[in-house]
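*Asks:* Below is one structure. I have some questions about it.
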Amino acid sequence: MQNHKQLRNWLDEFKLEHPIVIAGPCSAETEEQVLDIAHQLKNSDVSIYRAGIWKPRTRPGGFEGVGAIGLKWLQKAKSESGLLMAVEVATAAHVKLALEHDIDVLWIGARTTVNPFAVQEIADALQDTDKIVLVKNPVNPDLALWLGGVERLYKAGIKKLGVIHRGFSTYEKTKYRNIPEWQIAIELQSRFPDLPLICDPSHITGKRDMIQEIAQQALDLNYDGLMIETHNNPDEAWSDAAQQVTPERLKQILDDLRIRQLTT
Ligand code: PEP
Ligand code: MN
Numbered sequence: 002m003q004n005h006k007q008l009r010n011w012l013d014e015f016k017l018e019h020p021i022v023i024a025g026p027c028s029a030e031t032e033e034q035v036l037d038i039a040h041q042l043k044n045s046d047v048s049i050y051r052a053g054i055w056k057p058r059t060r061p062g063g064f065e066g067v068g069a070i071g072l073k074w075l076q077k078a079k080s081e082s083g084l085l086m087a088v089e090v091a092t093a094a095h096v097k098l099a100l101e102h103d104i105d106v107l108w109i110g111a112r113t114t115v116n117p118f119a120v121q122e123i124a125d126a127l128q129d130t131d132k133i134v135l136v137k138n139p140v141n142p143d144l145a146l147w148l149g150g151v152e153r154l155y156k157a158g159i160k161k162l163g164v165i166h167r168g169f170s171t172y173e174k175t176k177y178r179n180i181p182e183w184q185i186a187i188e189l190q191s192r193f194p195d196l197p198l199i200c201d202p203s204h205i206t207g208k209r210d211m212i213q214e215i216a217q218q219a220l221d222l223n224y225d226g227l228m229i230e231t232h233n234n235p236d237e238a239w240s241d242a243a244q245q246v247t248p249e250r251l252k253q254i255l256d257d258l259r260i261r262q263l264t265t
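Per my numbering: the sequence shown ends with 265, consecutive numbering throughout.
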């Protein structure tokens with residue numbers, strides 16, 4: 002049975018709404034883009050702003066992120082919008098820079114969760130932090146790797162820990178970019194009932210038209226939050242263009258969701 006004690010602590014401490022909504026572009030591209038999106042998302046149901054600045058690309062040649070300069074843009078976005086800031090970290094050096102720039106939420110990406118050495122390095126760099134740390138599922142449908150990531154972070158004394166379900170890759174083509182395999186996330190939660198569970202319908206679907214449906218399924222399964230990639234000009238985005246939504250569309254998606262109240 003899910004236990005919402007930790008979730009309630011986060012909601013109180015950071016003044017977050019339930020379900021927690023994390024939104025923002027797949028990648029920070031320019032300072033203007035980061036600030037424009039943050040301004041469009043402030044005073045909405047969004048409480049955490051996401052933007053990737055170090056982008057792990059499966060194949061070389063794609064946009065690999067703006068790097069550390071993006072942290073300055075996020076600091077500015079935070080002071081102008083009041084939103085909490087979240088970035089993906091994949092190395093100890095990323096963690097150090099993110100902490101120096103007062104990033105509030107650090108997440109470990111799917112291509113990093115598969116690598117125990119990398120997760121351990123990040124866990125050591127985060128030792129005893131009071132920041133929120135979120136672990137995405139590994140790219141492959143392997144519950145043990147996901148559990149292992151969570152265990153390494155708990156052992157490093159990280160108390161504000163949560164997980165993000167972004168689906169799993171398959172060789173076969175399906176209607177999803179990454180198949181949900183909901184039972185894997187549910188099983189992980191049954192092992193750690195205190196872990197807030199966030200769904201990332203953007204990377205599960207790969208298509209903006211399917212996001213509403215998957216977000217609703219997640220809430221019907223009692224997920225605690227959603228991470229939805231949101232861009233001011235999705236079709237021209239430098240990464241993951243097909244799955245990003247505009248801030249207006251995000252608002253519509255959130256308004257149309259049926260939300261359950263927390264009962265525990
Ligand atoms: C992302 O959040 O933009 C990302 C790279 O996601 P994932 O690690 O789930 O592929
Ligand atoms: Mn993305």
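Virtual Cβ for every residue (Gly too), placed ideally from N, Cα, C.
Please read these numbers as outputs of a predicted model, since none were measured by experiment.
Run the Cβ filter for me: residues under 5 Å from any heavy atom of the ligand MN, listed in the order they occur in the chain.
*Replies:* Qualifying residues come out as Cys27, Asp241.
*Asks:* At a cut-off of 7 Å, would you count Lys208 as near the ligand PLP, judging by its Cβ distance to the nearest heavy atom?
*Replies:* The ligand PLP is absent from the structure shown, which contains only the ligand PEP and the ligand MN.
*Asks:* Provide the residue span of the beta strand (DSSP E) that contains Trp108, from first to last.
*Replies:* Taken as a continuous stretch (DSSP letters only), the beta strand (DSSP E) holding Trp108 covers 106-109.
*Asks:* With a Cβ-Cβ cutoff of 8 Å, do Trp183 and Leu135 count as a contact?
*Replies:* For Trp183 and Leu135, no; Cβs fall outside 8 Å.
*Asks:* List in chain order: all unbroken beta strand (DSSP E) runs of 3+ residues lying wholly within the segment 62-137.
*Replies:* With a minimum length of 3 residues, the continuous beta strand (DSSP E) runs that stay inside the segment 62-137 are 85-89, 106-109, 133-137.
*Asks:* If Leu84 and Ser48 are in contact, beta carbons under 8 Å, what's the gap, nearest whole angstrom?
*Replies:* Rounded, the Cβ-Cβ distance is 7 Å, consistent with contact.
*Asks:* Could you tell me which uninterrupted beta strand (DSSP E) segments, each at least 3 residues in length, are contained entirely in the segment 176-200, listed from first to last along the chain?
*Replies:* List check, beta strand (DSSP E) in window: 198-200.
*Asks:* Decide if the segment 253-264 is in contact with the segment 234-244; the criterion is three or more beta carbon pairs, one per stretch, under 8 Å apart.
*Replies:* Segments in contact, no.
*Asks:* To which residues of the same chain is Tyr224 closer than 6 Å at the C-beta, ignoring the five residues directly before and after it?
*Replies:* Counting only Cβ-Cβ distances below 6 Å, and skipping sequence neighbours, we find Leu198, Cys200.
*Asks:* Just to confirm before moving on: does the CB-CB distance between Gln253 and Cys27 stay below 8 Å?
*Replies:* Against a cut-off of 8 Å, the Cβ pair of Cys27 and Gln253 comes out as no contact.
*Asks:* Starting from His166, trace the beta strand (DSSP E) in both directions and tell me its first and last residue.
*Replies:* Where His166 is concerned, the enclosing beta strand (DSSP E) stretches over 162-166.
*Asks:* Would you check if the distance between the CB atom of Ile180 and the CB atom of Met228 is smaller than 8 Å?
*Replies:* Not a contact, by the Cβ cut-off of 8 Å.
*Asks:* If distances are taken between C-alpha atoms only, which option among Leu148, His204, Pro139, Arg153 comes closest to Asp129?
*Replies:* Out of Leu148, His204, Pro139, Arg153, Arg153 has the C-alpha closest to the C-alpha of Asp129.
*Asks:* In whole angstroms, give me the CA-to-CA distance for Glu65 and Gln34.
*Replies:* Their backbone Cα atoms lie some 17 Å apart in a straight line.
*Asks:* Check for me: the beta strand (DSSP E) holding Glu230 runs from which residue to which?
*Replies:* From DSSP, the beta strand (DSSP E) with Glu230 extends over 226-230.
*Asks:* Helix, strand or coil: how does DSSP classify Arg250 here?
*Replies:* Arg250 falls in the helix class under three-state DSSP.
*Asks:* Would you check if there are 3 or more beta carbon pairs closer than 8 Å linking the segment 11-27 to the segment 37-53?
*Replies:* Touching, yes.
*Asks:* My output table needs one value for Ser28: the three-state DSSP class, helix, strand or coil.
*Replies:* Strand at Ser28.
*Asks:* Based on the DSSP secondary-structure assignment, which residues constitute the bridge partners of Gly277?
*Replies:* Here the chain comprises residues numbered 2 to 265, so residue 277 is not present and cannot be evaluated.
*Asks:* Short of 8 Å in beta carbon distance, which residues of its chain neighbour His40, apart from the five on each side in sequence? Order them along the chain.
*Replies:* Excluding residues within five positions, the ones whose Cβ falls inside 8 Å are Glu81, Ser82.
*Asks:* Hey, how far is the Cα of Leu251 from the Cα of Thr171?
*Replies:* Each residue's alpha carbon lies about 28 Å from the other.
*Asks:* Grab the span of the alpha helix (DSSP H) containing Phe169 for me, first residue to last.
*Replies:* Where Phe169 is concerned, there is no enclosing alpha helix (DSSP H), given that its DSSP letter is neither H nor E.
*Asks:* DSSP three-state label for Ile38, please.
*Replies:* Correct three-state label for Ile38: helix.
*Asks:* Have a look at Gly62, Gln76, Leu127, Gly63 and flag the residue whose alpha-carbon is nearest the alpha-carbon of Val1.
*Replies:* Since the displayed the chain opens at 2 and closes at 265, residue 1 lies outside it and no answer follows.
*Asks:* Could you check if Ser240 is buried or exposed, using at least 16 other CB atoms within 10 Å of its CB as the buried criterion?
*Replies:* Burial call: buried.
*Asks:* May I ask you to report which of helix, strand or coil DSSP gives Val22?
*Replies:* Strand, per DSSP.
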